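Numbered per the UniProt record's numbering, the sequence shown spans residues 1 to 341. Report on the structure given below.
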Amino acid sequence: MCGADDSKTAPPASSRGIKDLLLVLADPWIFMSASLSYLPGTVLELVKTRDFGTLFSRDRLQTKWFGRFWSWAGPMVRATGEARVVPLLEGRVAGGRITDVPVKEGVRGTVVEVGAGSGMWANLFRDGYAGEHGMEAGKATGVGAAGGGGDDDDGAVTKRAGATGGEEGEVLLGRGAVTKVYGVEPNPQSHEALTKRVKDVGLEDIYEVVPVGIEHLGGGHWKWEKPIEKESVDCIVSILCLCSIPDPEDNIRDMYQYLKPGGHWYVYEHVQCSHEVGRGMRWYQWVLNIFWPHIMGGCYLNRDTETTLRNCGSWSAIDLARPVGEPWYVAVPHLYGVLRK
């Protein structure tokens, strides 16, 4: 999980300058260095507590170490990502561009949050949530312009933002009431913080922590014996988490089956560099990825998440794009948008 926020526009030398280009290219190394700085303290803590089982287990040590690092880095990632995530959940994103008013259905009903972590996005599911980057802020600052986008979206606009009912065939734009959230988080290091966060934001009545991986949502695991029925979920939300799930093709295909017909998958993920940016950037990302998964908690930089999502099942509409305004030379580019089953 990581992010560098900012589509291919003018060459960097003319738009941002060589200095900015070098800083952007160096950013992943700086981020990895910050993560590495938490390793000695993690080892020392394990020695002091005589937790040698974790110390001498690569996977458990990595989980503990990354958890400590993410407690520092996570809030910063949220601070930079919220400007994109809030409009996404409000239905105000089309073709990678943030719009002033909803042009799609927003999050509503029964939601599965994939990779809930310590709950840093939990408050976004609270009814009436409006962060500083919410719709009113977008209007005030003139962010974006209303318009359609996506290669399959029909662009239907018939209802006001936040509408929760309507005639058959009508598209209800904007957010509706969230009635249930399943926060899927298999990392036991995060469960206590996630539970506390849910309580702090007042969602304990509707938010359920699911302590297993997405492959066990159907029940049967000793930690999770409450199966979620297939085709029972209105929305899936994945924010900077598909980079680290195991067996992504199989698990994303499995997740698709939980969506109702007409359900939505809201996506904000970092992905592999596209062919359009050239071999140089793809090679640079490949080099980074030699080290990145080992230092960043099993996160992979160069997953082709867009292809996996497109091919995991039949979609009635797909609107996935690179965020407008993100430079072509970032080594951690993003995929942004919504798929409708």
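The beta-carbon is built from N, C-alpha and C at its ideal position, and this holds for glycine as well. Note that the structure is predicted; figures quoted are calculated from it, not measured.
Give the straight-line distance between the Cα atoms of T308 and E249, rounded to the nearest whole angstrom.
Mapped onto the sequence shown, residue 308 falls at position 308. Mapped onto the sequence shown, residue 249 falls at position 249. Looking at the two C-alpha atoms, the distance is approximately 6 Å.
Only counting the same chain, and skipping five residues up and downstream in sequence, which positions put a Cβ closer than 8 Å to that of T42?
Start at 1 with the first residue of the sequence shown, and residue 42 comes out as number 42. Only L61, K64, W65, R68 meet the Cβ criterion.
Does DSSP put R58 in a helix, a strand or coil?
As a working mapping, residue 58 is identified with position 58 in the sequence shown. DSSP places R58 in helix when its eight states are reduced to three.
Cα separation between A193 and W70?
To locate residue 193, count along the sequence shown from 1; it is residue 193. To locate residue 70, count along the sequence shown from 1; it is residue 70. Roughly 12 Å separates the two Cα atoms.
Own chain residues within Cβ distance below 8 Å of K341, not counting five before or after
As a working mapping, residue 341 is identified with position 341 in the sequence shown. Closer than 8 Å at the Cβ level, and outside the excluded window around K341, lie Y256, L259, K260, P261, G262, G263, H264, W265, G313, S314, W315, S316.
Bridge-paired residues (DSSP) for L320:
Within the sequence shown, residue 320 is the residue found at index 320, counting from 1. In the DSSP output, where bridge partners are listed per residue, L320 has G337.
Between which residues of its own chain and S118 is the CB-CB distance below 8 Å, once the five residues before and five after are set aside?
Here residue 118 is taken as the residue at index 118 of the sequence shown, counted from 1. W70, S71, G74, S190, A193, L194, R197, listed in sequence order.
From the DSSP secondary-structure annotation, give me the bridge partner or partners of A94.
By one-based count along the sequence shown, residue 94 stands at place 94. According to DSSP, A94 bridges with R97.
Quick one: what's got a C-beta closer than 8 Å to K230's C-beta in the same chain, skipping five residues either side?
Reading the sequence shown from its first residue, position 230 is the one you call residue 230. Excluding residues within five positions, the ones whose Cβ falls inside 8 Å are G218, Q257, Y258.
Output yes or no for whether 9 Å exceeds the beta carbon distance between residue 364 and R126.
Past the edges of the chain, shown from 1 to 341, lies residue 364, and the structure says nothing about it.
Rounded C-alpha distance that separates residue 354 from K199
The question about residue 354 has no answer, for the chain in this structure spans 1 to 341.
Spatial neighbours of S244 in its chain, beta-carbon cut-off 6 Å, leaving aside the 5 residues before and after:
The residue labelled residue 244 in the question sits at position 244 within the sequence shown. Within the same chain, S244 has close Cβ partners G298, C299.
Entirely enclosed alpha helix (DSSP H) segments - the region 214-270, minimum 4 residues:
248-256
Determine whether the beta carbon atoms of V184 and G115 lie at a separation below 9 Å.
Position 184 of the sequence shown holds residue 184. Position 115 of the sequence shown holds residue 115. Their beta carbons are under 9 Å apart, which means V184 touches G115 by this criterion.
Keeping to the same chain, check which residues put their C-beta closer than 8 Å to that of A177; ignore five residues upstream and five downstream.
The sequence position of residue 177 within the sequence shown is 177, counting from 1. Answer for A177: R108, G109, D127, T164, listed in chain order.
Rounded C-alpha distance that separates P293 from V237:
Position 293 of the sequence shown holds residue 293. Position 237 of the sequence shown holds residue 237. In a straight line, the C-alpha of P293 is about 23 Å away from that of V237.
Would L44 be called buried (16 or more neighbouring beta carbons within 10 Å of its own) or exposed?
One-based indexing of the sequence shown puts residue 44 at position 44. Within a 10 Å sphere around the beta-carbon of L44 sit fewer than 16 other beta-carbons, which makes this residue exposed.
Quick check: P102 and R175, are their CB atoms within less than 9 Å of each other?
For the purposes of this step, residue 102 is identified with residue 102 of the sequence shown, where counting begins at 1. For the purposes of this step, residue 175 is identified with residue 175 of the sequence shown, where counting begins at 1. Cβ atoms of P102 and R175: closer than 9 Å.
Using the C-alpha atoms, what's the distance from K180 back to L335?
Counting from one through the sequence shown, the residue named residue 335 turns up at place 335. Counting from one through the sequence shown, the residue named residue 180 turns up at place 180. L335 and K180: Cα-Cα distance of roughly 26 Å.
On a CA-only basis, which of L240, I239, C241, D254 is nearest I228? Give me that one, please.
Here the question's residue 228 lines up with position 228 in the sequence shown. Here the closest residue by C-alpha is D254.
R92: buried (16+ other C-beta within 10 angstroms of its C-beta) or exposed?
Residue 92 sits at position 92 when you count from the first residue of the sequence shown. So R92 counts as buried.
Cα-Cα separation, V233 to K104:
Taking the sequence shown and counting its residues from 1, the one referred to as residue 233 is at position 233. Taking the sequence shown and counting its residues from 1, the one referred to as residue 104 is at position 104. Cα to Cα, the separation comes out at about 18 Å.
Inter-residue Cα distance where the pair is G169 and I206
The residue given as residue 169 occupies position 169 in the sequence shown. The residue given as residue 206 occupies position 206 in the sequence shown. Because the pLDDT of G169 is 49, which lies under 50, any placement of that residue in the model is unreliable, and the question is left without a value.
Which value, in whole angstroms, describes the spacing of the CA atoms of T54 and R78?
Mapped onto the sequence shown, residue 54 falls at position 54. Mapped onto the sequence shown, residue 78 falls at position 78. Annotation: T54 to R78 spans about 29 Å, alpha carbon to alpha carbon.
Using 9 Å as the threshold, is the C-beta distance between R58 and P323 below it?
Taking the sequence shown and counting its residues from 1, one reaches residue 58 at position 58. Taking the sequence shown and counting its residues from 1, one reaches residue 323 at position 323. Not closer than 9 Å, so no.
Taking its Cβ as the centre, do 16 or more other Cβ atoms sit within 10 Å of L23, making it buried, or is it exposed?
Reading the sequence shown from its first residue, position 23 is the one you call residue 23. Result: exposed.
Compute the Euclidean distance between the alpha carbons of V47 and Y38, then round it to the nearest angstrom.
Position 47 of the sequence shown, counted from the first residue, corresponds to residue 47. Position 38 of the sequence shown, counted from the first residue, corresponds to residue 38. Whole-angstrom Cα-Cα distance: 15 Å.
G109, enclosing beta strand (DSSP E) - first and last residue
As a first step, residue 109 is located in the sequence shown; it is residue number 109 there, counting from the start. It spans 109-114 - the beta strand (DSSP E) in which G109 sits, taken as one unbroken run.
Are there 16 or more other CB atoms within 10 angstroms of the CB of G162, so buried, or fewer, so exposed?
Position 162 of the sequence shown, counted from the first residue, corresponds to residue 162. In this prediction, G162 scores a pLDDT of 38, lower than 50, which makes its location untrustworthy; no coordinate-derived value is stated.
Are the CB atoms of P333 and V277 nearer to each other than 9 Å?
Sequence index remark: in the sequence shown, residue 333 carries index 333 (1-based). Sequence index remark: in the sequence shown, residue 277 carries index 277 (1-based). Yes.
With 16 other Cβ atoms within 10 Å as the buried cut-off, status of P327:
By 1-based counting over the sequence shown, the position of residue 327 is 327. With 16 or more other CB atoms across the displayed protein chains lying within 10 angstroms of its CB, P327 is buried.
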